[in-house]
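Shown next, in structure tokens, is the structure this report addresses.
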């Protein structure tokens, strides 16, 4: 069942033709959400952002600053879900957090305090999300305001994931850094997409189960 | 079965009367390892380190620099397993990585290149490790040399944990940062000790199962 937090909301997926963006857009549409995709080859980022209540940014780290600059004037008062992971080629298996502490804090600094930045979807393998069915991975949601994080939790659950409040936006560093570790684990243990589960949360049901 | 990597080795646990140190020392003794505990009220850190082949440092973040200084002259050529998590009171639920990038890199900087620094045991709840039985948490092991990490993996397995190579020492930032998130999850979801499991590693058996 769709959360009341998402009722009648339009979601812009910026970079929505990329692997993660396309997978999220597909799952959200299937859940009954209105989704507008912003892409370099279709609807411009700014136009998609202007049309939406909630903006989800799913671009590579190197494209983050440009994408955020493009949407900034249409983001005031809105929730922006940053999904950026600071993978810096060629050493993508090595944690390289930006000087701001995390890509999420970088997004907040670029967008300014009038924008409600949260972050999520760092650890889920896009190709698994692109297939139907459950994904064996928790989604940690970070943000300085609990009410804003709750929207991210609702979005993750609408995409079929178990989602958890992960605390302050600064805590995004943990999930962002873990992505490089997951890339390392994929190579070392020959996995097609290692994920993350938080254990010993007995009262929390899996909403996808 | 004890790994050949640990055969006839003596392990020094520096800060071994703390919660994590005492739990590890107990499990390693039970596994047949020779353990010497260094503590402020017993065997001095330097003496314990001098007597050992492998040195495990289990002190709070605020005590890390002093502890490493105390053992430095007895650590050359040895493996030092740093378990430090940069929890900075009063905001222990907020990720606050040190300027070096991680406590593990700080340890390497303090000890110098002659010491083989690895890091591990960041995410396991000490009070769960203090009880007998399995702990539902993976142990990520970080270090720049695979052979050094393998010793950390063997130590974690000897303590009854599933252990994984997590990549370069810099990647320790991921597990260290995650500890603050786990503290946040414990409070938010009323857990007695949230842990971490890596999913989708089909070929890796749980050595504790």
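Protein chains in written order, with the numbering used here: chain P, 1 to 209; chain D, 1 to 209. Beta carbons: idealized from backbone N, C-alpha and C, even for Gly.
Asked                                                                                                                                                                                               : Found
Quick one: residues in its chain with C-beta nearer than 8 Å to the C-beta of residue 44 of chain P, no 5 flanking neighbours on either side, listed in chain order?                                : 38 and 70
What residues match up with residue 71 of chain P in a beta bridge as DSSP calls it?                                                                                                                : None; residue 71 of chain P has no bridge partner.
Where do the N-terminal and C-terminal ends of the beta strand (DSSP E) with residue 203 of chain D fall, by residue?                                                                               : Here residue 203 of chain D belongs to no beta strand (DSSP E), and DSSP marks it neither H nor E.
Mapping DSSP to helix, strand and coil, what is residue 19 of chain P?                                                                                                                              : helix
Beta strand (DSSP E) containing residue 165 of chain P: first to last residue?                                                                                                                      : 162 to 167
Of all Cβ atoms in chain P, is any one closer than 8 Å to the Cβ of residue 83 of chain D?                                                                                                          : no
Strictly below 8 Å CB to CB, what residues from chain D border residue 201 of chain P?                                                                                                              : 185, 189, 191 and 194
Taking contact to mean at least 3 C-beta pairs separated by less than 8 Å, is the stretch 160 to 168 of chain P in contact with the stretch 179 to 187 of chain D?                                  : yes
What does DSSP give as the partner residues of residue 140 of chain D in its beta bridges?                                                                                                          : D:164
How long is the line joining the alpha carbons of residue 174 of chain D and residue 178 of chain P, rounded to whole angstroms?                                                                    : 5 Å
Report the three-state DSSP secondary structure of residue 95 of chain P (helix, strand or coil).                                                                                                   : coil
Give the DSSP-derived three-state secondary structure of residue 82 of chain P in the structure shown.                                                                                              : strand
Could you name the residues of the same chain whose beta carbon sits closer than 6 Å to that of residue 34 of chain D, not counting the 5 residues immediately before and after it, in chain order? : 10
Quick one: which chain P residues come within Cβ less than 7 Å of residue 93 of chain D?                                                                                                            : 167
So residue 83 of chain D and residue 120 of chain D are supposed to be a Cβ contact under 8 Å. How far apart are they, rounded?                                                                     : 6 Å
Got a sec? Which residues, its chain only, sit under 6 Å from residue 3 of chain D by beta carbon, not counting five neighbours each side?                                                          : 154
Cβ closer than 9 Å: which chain D residues qualify as neighbours of residue 198 of chain P?                                                                                                         : 181, 182, 185, 189, 191, 194, 195, 196 and 197
What residues match up with residue 196 of chain P in a beta bridge as DSSP calls it?                                                                                                               : D:198
Taking the straight line between their C-alpha atoms, what separation do you get for residue 97 of chain P and residue 107 of chain P?                                                              : 13 Å
Using CA coordinates, which residue listed in D:13, D:200 and D:122 is at the minimum distance from residue 214 of chain D?                                                                         : The structure shown does not extend to residue 214 of chain D, since chain D spans only 1 to 209, so no value can be given for it.
Under 8 Å between C-beta atoms, does residue 4 of chain D make it to chain P?                                                                                                                       : no
Distance, Cα to Cα, residue 176 of chain D vs residue 46 of chain D?                                                                                                                                : 26 Å
My understanding is that residue 189 of chain P touches residue 138 of chain D, with C-beta atoms under 8 Å, so please give their C-beta distance in whole angstroms.                               : Rounded, the Cβ-Cβ distance is 12 Å, inconsistent with contact.
Starting from residue 140 of chain P, find everything on chain D with Cβ-Cβ shorter than 8 Å and list it in chain order.                                                                            : 181
For residue 146 of chain D, which of D:63, D:132 and D:117 has the nearest alpha-carbon?                                                                                                            : D:117
Chain P partners of residue 136 of chain D, CB-CB under 7 Å?                                                                                                                                        : 199 and 200
Could you confirm whether any beta carbon from chain P is found closer than 8 Å to the beta carbon of residue 97 of chain D?                                                                        : yes
Would residue 177 of chain P count as contacting chain D if we go by Cβ distances under 8 Å?                                                                                                        : yes
What residue range does the beta strand (DSSP E) around residue 57 of chain P cover?                                                                                                                : 54 to 57
Scan the stretch 100 to 116 of chain D for residues whose Cβ lies nearer than 9 Å to a Cβ of chain P and list them as they occur along the chain.                                                   : 101 and 102
Starting from residue 119 of chain P and walking both ways along the beta strand (DSSP E), at which residues does that stretch end?                                                                 : 116 to 119
My guess is that residue 169 of chain D and residue 142 of chain D are in contact by the Cβ rule of under 8 Å, so how many angstroms apart are they, rounded?                                       : 5 Å
Helix, strand or coil for residue 181 of chain D, going by three-state DSSP, please let me know.                                                                                                    : helix
Are the C-beta atoms of residue 161 of chain P and some chain D residue less than 8 Å apart?                                                                                                        : no
Taking C-alpha atoms, which residue in D:57, D:1 and D:191 lies nearest to residue 78 of chain D?                                                                                                   : D:57
With which residues is residue 188 of chain P paired in a DSSP beta bridge?                                                                                                                         : Paired residue(s): none; residue 188 of chain P is not in a bridge.
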